[in-house]
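Only one structure is covered here, and it is reproduced in the block below.
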Amino acid sequence: MASESVASSSTFKKIQIQRDDTTFDAYVIGKEDAPGIVVLQEWWGVDFEIKNHAQKVSQFEPGYKALIPDLYRGKVGLDVAEAQHLMDGLDWQGAVKDIEASVNWLKENGSQKVGVTGYCMGGALAIASSVLVPGVDAVVAFYGVPSPELADPIYAKAPVQAHFGELDNIVGFSDVKTGKALEVKLKASGVPHEVHIYPGVSHAFMNKSPEGVQRRKNLGLTDEDDVAVELAWTRFRNWMSRFLSH
């Protein structure tokens with residue numbers, strides 16, 4: 036897998052982060068003393084695709100320090116059943132604590148401002164961090180909304196930008212109705228916010244590596260739209276630079 040070897044090459048530095056009485060691995064890439072961005076995994080775990088995203092994020096102007104916390108503690112789902120099992124087994128409150136520890140690590144290691152982004156499960160956790168994690172300066176979430184029991188976006192404290200595919204059919208998590216309900220809550224929260232819906236694309240439309248495209252096809256997600264992906268990245272860049280630049 037060519038793109039995997041690129042993404043997991045020595046450009047990533049593996050570190051350990053301590054929180055409470057537990058330690059977890061995280062992967063850091065990018066520019067020292069730059070604004071930080073915590074990049075949160077899909078339900079698959081820390082695999083090639085999330086590393087591709089983090090690598091891309093780190094290279095956006097003016098340069099970012101991207102950090103992927105390993106929320107699954109080394110486990111990766113290779114098929115839907117495994118990924119579902121891992122996500123079902125996730126301690127979501129614990130994952131929020133991992134995010135908080137990651138944000139703090141970046142702030143203690145040269146990042147004056149720190150954003151959080153995530154995809155699928157990570158998107159839901161990114162929005163949760165806007166409610167529950169002090170010190171988050173901006174959030175960009177891709178196709179995921181947390182359960183109100185975990186975090187109600189009406190209490191968001193950091194600016195949130197969210198992206199959804201019009202054809203996404205994961206009801207109550209990332210379908211259009213859920214995206215629109217999120218927008219209502221964010222409006223009530225009073226934080227700066229944007230909710231974007233992309234016509235003609237379904238769940239996980241940002242996954243563009245050859246392996247990621249193949250995996251989506253295996254799941255019946257055959258849409259590919261480079262224009263939508265590029266537009267979403269442009270909006271991501273503008274949002275992060277607006278709230279994270281010094």
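For the sequence shown, position 156 matches number 191 in our numbering, and the numbering has no gaps at all.
Ideal Cβ positions, reconstructed from N, Cα and C, are used throughout, including at glycine.
Within 10 angstroms of the beta-carbon of Asp203 lie 16 or more other beta-carbons, which makes it buried. Pro245 carries a helical assignment under DSSP once its states are collapsed to helix, strand and coil. The bridge partners DSSP lists for Gly65 are Lys100. Put simply, the backbone Cα of Lys49 is about 16 Å away from that of Ile72. For Trp79, same chain residues with a beta-carbon under 6 Å away, outside a window of 5 residues either side, are Gly112 and Ala118 in chain order. Taking each of Lys86, Ala61, Trp127 and Val174 in turn and checking the Cα distance to Arg108, the smallest one comes out for Ala61. With 16 or more neighbouring CB atoms inside 10 Å of its own CB, Thr213 falls in the buried class.
Gly71 is bridged by DSSP to Lys100 and Val149. Ala176 is bridged by DSSP to Gly153 and Ala197. A direct Cα-Cα distance of roughly 22 Å separates Gly124 from Ala176.
Within the same chain, Cβ atoms closer than 8 Å to the Cβ of Lys220 are found at Asp187, Pro188, Ile189 and Ala191, the five residues on either side in sequence being excluded. Residue pairing for Arg54: DSSP places it in a beta bridge opposite Thr57. Under the three-state reduction of DSSP output, His228 falls in the strand class. Annotated three-state conformation of Lys132 is helix, per DSSP.
Partner residues in the beta bridge of Tyr233, as assigned by DSSP, are Gly200. Only buried fits Arg250, as 16 or more other CB atoms lie within 10 angstroms of its CB. Listed in chain order, the non-local C-beta contacts of Val166 below 6 Å within the same chain comprise Ala186, Tyr190 and Ala191, local neighbours out to five positions each way being set aside.
Around the C-beta of Leu254, fewer than 16 other C-beta atoms lie within 10 Å, and the residue is accordingly described as exposed. Between His238 and Leu256, the beta carbon gap of about 6 Å places them in contact (Cβ cut-off 8 Å).
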